[in-house]
Amino acid sequence: MLLGALFPLLLFVFPLWKITLEAPQYPTPLGMYIYINDFADANPHDIKNINLMNHYVGMKYIPDAIPEFKIFPLGIIITSVLGLLIGFKGNYKWFLGWFVLMLLLSSAGLYDFYLWEHDYGYDLDPKAIMKFTNPDGSVMGFQPPLFGSKDILNFRAHSYPQTGAYCLALGMALGFLAFLVGKREKKQAK
Amino acid sequence: MKKFSYLLMSIMGLALISSCNNQSKGAANGALSSSAAEKVYVAPGEHDEYYAFISGGFSGQLSVYGLPSGRLFKVIPVFSQDAEKAWGYNEETKPMLNTSHGFVPWDDAHHPDISQTNGELDGRFVFINGNNTPRIAKIDLTTFETTEIIEVPNSAGNHSSSFVTENTEYVVAGTRFSVPVPQRDMPIKDYKGNFKGALSFISVDPEEGHMDIKFQLLMPGFDYDLSHPGRGKSHGWFFFTTYNTEEASSLLEVNASQNDKDFIAAVNWKKIEEYVNNGGGTKMPANYAHNVYDDETHTATSTMKKEVLVVNPSDVPGAVYFLPTPKSPHGCDVDPSGEYIVGNGKLSADLTVHSFTKMLAAIDGKKFDGEAYGIPILKFEDVLAGTVKSGGLGPLHSEFDAEGNAYTTFFISSEVVKWKLGTWEVVDRQPCYYSVGHLMIPGGNSRKPFGKYVVAMNKITKDRYLPTGPEVTQSAQLYDISGEKMELLLDFPTIGEPHYAAGIAADIVKARSRKIFNLTENKHKYAATSDADVRIERNGKEVHIYMTMIRSHFNPDNIEGIKVGDKVYFHVTNLEQDYDVPHGVSMIGANTSELLIMPGQTETFVWEPKQVGVWPFYCTDFCSALHQEMQGYVRVSPADSDLDLSWSLGD
Numbered sequence: 000m001l002l003g004a005l006f007p008l009l010l011f012v013f014p015l016w017k018i019t020l021e022a023p024q025y026p027t028p029l030g031m032y033i034y035i036n037d038f039a040d041a042n043p044h045d046i047k048n049i050n051l052m053n054h055y056v057g058m059k060y061i062p063d064a065i066p067e068f069k070i071f072p073l074g075i076i077i078t079s080v081l082g083l084l085i086g087f088k089g090n091y092k093w094f095l096g097w098f099v100l101m102l103l104l105s106s107a108g109l110y111d112f113y114l115w116e117h118d119y120g121y122d123l124d125p126k127a128i129m130k131f132t133n134p135d136g137s138v139m140g141f142q143p144p145l146f147g148s149k150d151i152l153n154f155r156a157h158s159y160p161q162t163g164a165y166c167l168a169l170g171m172a173l174g175f176l177a178f179l180v181g182k183r184e185k186k187q188a189k
Numbered sequence: 000m001k002k003f004s005y006l007l008m009s010i011m012g013l014a015l016i017s018s019c020n021n022q023s024k025g026a027a028n029g030a031l032s033s034s035a036a037e038k039v040y041v042a043p044g045e046h047d048e049y050y051a052f053i054s055g056g057f058s059g060q061l062s063v064y065g066l067p068s069g070r071l072f073k074v075i076p077v078f079s080q081d082a083e084k085a086w087g088y089n090e091e092t093k094p095m096l097n098t099s100h101g102f103v104p105w106d107d108a109h110h111p112d113i114s115q116t117n118g119e120l121d122g123r124f125v126f127i128n129g130n131n132t133p134r135i136a137k138i139d140l141t142t143f144e145t146t147e148i149i150e151v152p153n154s155a156g157n158h159s160s161s162f163v164t165e166n167t168e169y170v171v172a173g174t175r176f177s178v179p180v181p182q183r184d185m186p187i188k189d190y191k192g193n194f195k196g197a198l199s200f201i202s203v204d205p206e207e208g209h210m211d212i213k214f215q216l217l218m219p220g221f222d223y224d225l226s227h228p229g230r231g232k233s234h235g236w237f238f239f240t241t242y243n244t245e246e247a248s249s250l251l252e253v254n255a256s257q258n259d260k261d262f263i264a265a266v267n268w269k270k271i272e273e274y275v276n277n278g279g280g281t282k283m284p285a286n287y288a289h290n291v292y293d294d295e296t297h298t299a300t301s302t303m304k305k306e307v308l309v310v311n312p313s314d315v316p317g318a319v320y321f322l323p324t325p326k327s328p329h330g331c332d333v334d335p336s337g338e339y340i341v342g343n344g345k346l347s348a349d350l351t352v353h354s355f356t357k358m359l360a361a362i363d364g365k366k367f368d369g370e371a372y373g374i375p376i377l378k379f380e381d382v383l384a385g386t387v388k389s390g391g392l393g394p395l396h397s398e399f400d401a402e403g404n405a406y407t408t409f410f411i412s413s414e415v416v417k418w419k420l421g422t423w424e425v426v427d428r429q430p431c432y433y434s435v436g437h438l439m440i441p442g443g444n445s446r447k448p449f450g451k452y453v454v455a456m457n458k459i460t461k462d463r464y465l466p467t468g469p470e471v472t473q474s475a476q477l478y479d480i481s482g483e484k485m486e487l488l489l490d491f492p493t494i495g496e497p498h499y500a501a502g503i504a505a506d507i508v509k510a511r512s513r514k515i516f517n518l519t520e521n522k523h524k525y526a527a528t529s530d531a532d533v534r535i536e537r538n539g540k541e542v543h544i545y546m547t548m549i550r551s552h553f554n555p556d557n558i559e560g561i562k563v564g565d566k567v568y569f570h571v572t573n574l575e576q577d578y579d580v581p582h583g584v585s586m587i588g589a590n591t592s593e594l595l596i597m598p599g600q601t602e603t604f605v606w607e608p609k610q611v612g613v614w615p616f617y618c619t620d621f622c623s624a625l626h627q628e629m630q631g632y633v634r635v636s637p638a639d640s641d642l643d644l645s646w647s648l649g650d
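These protein sequence lines map, in sequence, to chains G and E.
The first sequence begins at 0 in numbering that gives the first Met the number 0 and counts up by one.
The second sequence begins at 0 in numbering that gives the first Met the number 0 and counts up by one.
Rendered as structure tokens:
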């Protein structure tokens with residue numbers, strides 16, 4: 000359980016997610032890492048170049064900072080400390096509680112990420128240089144996928160979790176495992 | 000029976016195939032077997048195996064080719080103005096073409112050589128000489144741009160240049176024409192005994208690569224034609240071919256061709272280096288330009304140097320010897336081991352090869368055959384290693400592979416001849432189309448040649464390509480030398496006159512090639528590295544515009560308050576930080592070239608508006624789907640107008 004509570008802290012070291020944009024004229028694809036507290040270039044100047052590309056269709060610049068960069072790290076620290084306390088206290092039922100809490104918070108995080116992506120892809124400048132519509136006449140959006148790959152105009156966009164996300168998942172899995180082990184031990188003790 | 004007929008058919012098939020092969024080989028004028036096409040074919044998107052840096056001759060530039068494809072990648076402006084790249088037109092690079100004679104917009108670029116470490120090519124720099132107004136240029140292979148040019152005083156016809164020593168300690172520049180030193184008003188007929196031939200040893204800073212004339216050796220008034228460094232055992236020596244040892248000053252084609260033998264001058268530069276390091280030599284007043292381009296200020300500066308250290312060879316006993324060599328030798332080439340020094344006697348049928356070991360023995364034994372101006376002449380027989388009896392005519396230049404073979408061009412008989420070092424036997428010969436001058440094997444002037452191809456550079460092409468009026472293309476030819484016999488693979492056109500070339504494995508160079516200049520490292524005096532820096536300042540009639548460019552607009556793009564008679568400096572910074580997104584800019588009526596600005600770079604052009612009106616400027620290098628929209632206007636008011644300066648974007 001202690002290990003489980005520590006793993007999510009690796010989010011401060013490793014990126015959570017990565018969005019990659021491939022196109023023929025980018026033999027080295029453009030890419031952006033999403034950290035718990037930052038956006039980072041996959042290769043130097045990638046975010047600047049993504050912004051330059053996206054301004055043609057009226058998308059906003061990727062901000063230097065978003066409120067989540069303050070909230071998420073705090074959430075991770077609090078839940079990790081909580082996990083450690085629970086780990087020391089040692090009641091396996093609490094382990095489950097921690098796991099469920101983490102599950103809820105992670106889902107909320109993912110939903111928040113989706114909302115941001117949607118806004119980024121759909122809230123377009125009305126003076127956009129190029130305006131595209133879907134076959135049904137509605138305004139075309141440029142939302143990158145939450146998970147997976149998708150064609151957006153001349154780009155193929157990929158969105159996949161990175162080491163940080165796997166650490167978080169591993170930590171949660173360890174928490175759940177600790178609960179199961181604890182439960183079995185309790186049973187055997189009976 | 001059926002089996003038999005199959006067999007018969009397959010035999011006939013084989014016969015057909017082989018007769019096809021014979022036919023194609025038999026057609027001497029270059030109808031080639033299909034395997035030759037495969038050998039030079041580099042599929043779309045794939046890279047060549049070698050870079051070839053081929054001199055542009057009287058174009059003054061240096062061209063960059065890929066081998067084996069023969070594709071041209073870039074023409075690097077060196078000694079001549081280039082309106083395409085604003086070289087010598089923009090304010091930043093004008094100082095690069097400054098000399099003691101003022102701004103010289105052209106030169107005759109001759110012999111590129113690549114920097115070396117431990118006798119092997121290191122791919123950092125290419126050096127090339129300007130023959131006409133003596134200069135040595137250095138091209139940085141991270142940017143493929145000329146970053147330094149040094150003028151060579153006391154020199155004229157800077158031809159036996161710009162070859163580097165084994166660790167790029169020196170790049171050497173020898174004069175072809177001897178001249179009065181110092182220059183003075185005197186009768187031409189008094190040439191003999193009075194003119195001098197300066198051989199300049201230019202030190203190269205091991206870190207930054209900056210060039211500085213360490214010393215000039217003032218030799219007798221011969222013509223110094225070509226040179227090469229010793230290597231390995233002969234490291235520390237430099238060898239120069241001479242002609243006109245007759246010291247004629249008129250009708251040289253006859254009067255300089257009378258002596259049966261001229262000389263190869265062997266210079267022990269380590270000895271002279273030691274001499275000058277201990278205070279030897281004479282400081283002589285001089286006036287020569289040293290021009291340096293900085294990648295962070297994106298600007299060149301020109302400094303006039305006022306002094307040069309000269310050394311009289313007779314003051315350093317044991318430093319210089321003459322090796323008699325028949326007949327007006329041109330190329331002076333040293334094999335990869337450093338043992339053999341090849342004199343390519345251009346008016347002879349044979350090649351003379353001297354032995355470095357025998358030369359040292361002859362010096363030790365003091366077996367001299369007289370002296371010239373105090374310089375000992377060694378006995379021809381004592382230094383001779385062997386003679387290549389080729390039957391060709393007019394040997395010019397030899398390069399080497401890694402297997403102990405040499406390859407020599409013969410200008411008059413128009414061929415490349417392959418021969419063996421040590422046995423001096425001719426192994427193969429292939430015709431050139433036509434009148435080949437120099438040749439190049441990548442790494443051929445080093446301890447470690449990449450002996451896969453030889454490039455022959457021809458002086459005449461006549462019917463080899465589609466005609467283009469009286470002036471036809473210059474040309475090179477590529478031969479495969481990986482087998483016992485050479486095989487002609489490819490003809491390809493070149494720029495100017497391809498005098499000479501240097502080649503290197505692409506892997507050594509390409510990973511270090513820069514993609515962009517970082518805006519954060521831009522130290523240009525007039526840079527605007529963000530839109531916040533954009534402004535216009537007036538200082539009397541001088542107006543400085545701090546402008547930015549990014550896909551796809553200029554900032555500002557509307558400018559008012561300029562007046563007739565103003566001198567307007569457009570300082571334009573490309574804010575892009577993406578690979579291969581340069582922008583250009585040009586102004587209607589500007590008496591200069593466009594600017595072509597790389598990402599992160601700042602360049603400046605000057606516009607002196609002469610007419611009232613509203614005048615457009617625009618981006619000249621297609622940059623994006625909105626390139627055609629990348630434009631702006633400048634309002635020019637009468638000289639006495641009191642309209643204040645104003646500027647805007649997007650209002």
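Ideal Cβ positions, reconstructed from N, Cα and C, are used throughout, including at glycine.
With C-beta atoms as the reference, is leucine 225/E less than 8 Å away from serine 159/E? yes
Label threonine 302/E either buried or exposed according to how many other C-beta atoms from any shown protein chain fall within 10 Å of its C-beta, with 16 as the threshold for buried. exposed
Under 8 Å, CB to CB, which of the residues in the region 31 to 52 of chain G have a partner in chain E? Pro43, His44, Lys47, Asn48, Leu51
Give the interface partners of alanine 624/E over in chain G, defined as CB-CB distance under 9 Å, in chain order. Tyr55, Ile128, Met129
Going by Cα to Cα distance, which pick from Ala348/E, Cys331/E, Ala500/E, Asp462/E is closest to serine 354/E? Cys331/E
Applying the criterion that 16 or more other CB atoms from any shown protein chain within 10 Å of the CB defines a buried residue, is isoleucine 187/E buried or exposed? exposed
Strand pairing of tryptophan 651/E, partner residues [DSSP]: Beyond the ends of chain E as shown, which are 0 and 650, falls residue 651/E; an answer cannot be given.
Uninterrupted beta strand (DSSP E) stretches inside the region 506 to 574 of chain E (no shorter than 3 residues): 534 to 538, 541 to 549, 552 to 554, 557 to 562, 566 to 573
Please check if any C-beta of chain E sits within less than 8 Å of the C-beta of lysine 17/G. no
Could you compute how far the alpha carbon of threonine 162/G sits from the alpha carbon of tyrosine 632/E? 52 Å
Chain G residues whose Cβ lies nearer than 7 Å to that of arginine 230/E: Those within 7 Å of arginine 230/E in chain G number zero; the least Cβ separation is about 40 Å.
Kindly say whether proline 576/E, judged by its beta-carbon, lies nearer than 8 Å to any beta-carbon of chain G. Just to set this straight, residue 576/E is glutamine in the shown sequence, not proline. Yes, its Cβ sits closer than 8 Å to a Cβ of chain G.
Verify the CB distance criterion: does arginine 550/E have a CB-CB separation below 8 Å to chain G? yes
Among Ala85/E, Gln60/E, Ala197/E, which has the Cα closest to the Cα of glycine 129/E? Gln60/E
Could you tell me the alpha carbon to alpha carbon distance between methionine 0/G and threonine 19/G, rounded to whole angstroms? 34 Å
For glycine 390/E, the first and last residue of its enclosing beta strand (DSSP E): Taken as a continuous stretch (DSSP letters only), glycine 390/E belongs to no beta strand (DSSP E), as it is neither H nor E.
Integer Cβ distance of glutamate 90/E from valine 605/E, believed to fall under 8 Å: 7 Å
Are the region 489 to 505 of chain E and the region 471 to 478 of chain E touching, with three or more C-beta to C-beta distances below 8 Å? yes
In terms of alpha-carbon separation, which member of Val415/E, Pro466/E, Arg463/E lies closest to aspartate 452/E? Looking at the sequence provided, one finds tyrosine at residue 452/E rather than aspartate. Ranking the options by Cα distance to tyrosine 452/E, first place goes to Val415/E.
With H, G and I counted as helix, E and B as strand and the rest as coil, what does DSSP make of lysine 419/E? strand
Can you check the region 398 to 443 of chain E for any beta strand (DSSP E) of at least 3 residues that lies completely inside it and give the ranges in chain order? 404 to 409, 414 to 419, 425 to 430, 435 to 439
Out of Tyr169/E, Val291/E, Met218/E, Gln610/E, which has the shortest C-alpha to C-alpha gap to aspartate 204/E? Tyr169/E
Who are the Cβ neighbours of phenylalanine 194/E in its own chain at under 7 Å, not counting the five residues just before and after it? Ser177, Val178, Pro179, Gly220
Report the three-state DSSP secondary structure of histidine 209/E (helix, strand or coil). coil
Could you pull the DSSP bridge partners for arginine 155/G from this structure? Glu21/G, Asp150/G
Rounding to the nearest angstrom, what Cα-Cα distance links alanine 504/E and lysine 566/E in this structure? 48 Å
Every unbroken alpha helix (DSSP H) inside the region 14 to 72 of chain G [4 residues or more]: 45 to 53
Since I believe histidine 570/E is in contact with tyrosine 545/E (beta carbons under 8 Å), could you give me their beta-carbon distance rounded to a whole number of angstroms? 6 Å
Option in Leu145/G, Lys130/G, Pro144/G with minimal Cα separation from valine 138/G: Lys130/G
May I ask you to verify whether the region 508 to 517 of chain E touches the region 427 to 441 of chain E, counting CB pairs closer than 8 Å and requiring at least 3? no
Which of the three DSSP states is assigned to asparagine 130/E in this structure? coil
For serine 199/E and phenylalanine 449/E, what's the separation of their Cα atoms in angstroms? 29 Å
Please determine, among Phe237/E, His543/E, Gly122/E, the residue with the shortest C-alpha to C-alpha distance to alanine 51/E. Gly122/E
Check each candidate in Tyr568/E, Ala197/E, Phe321/E, Asp400/E and name the one with the smallest Cα separation from aspartate 381/E. Phe321/E
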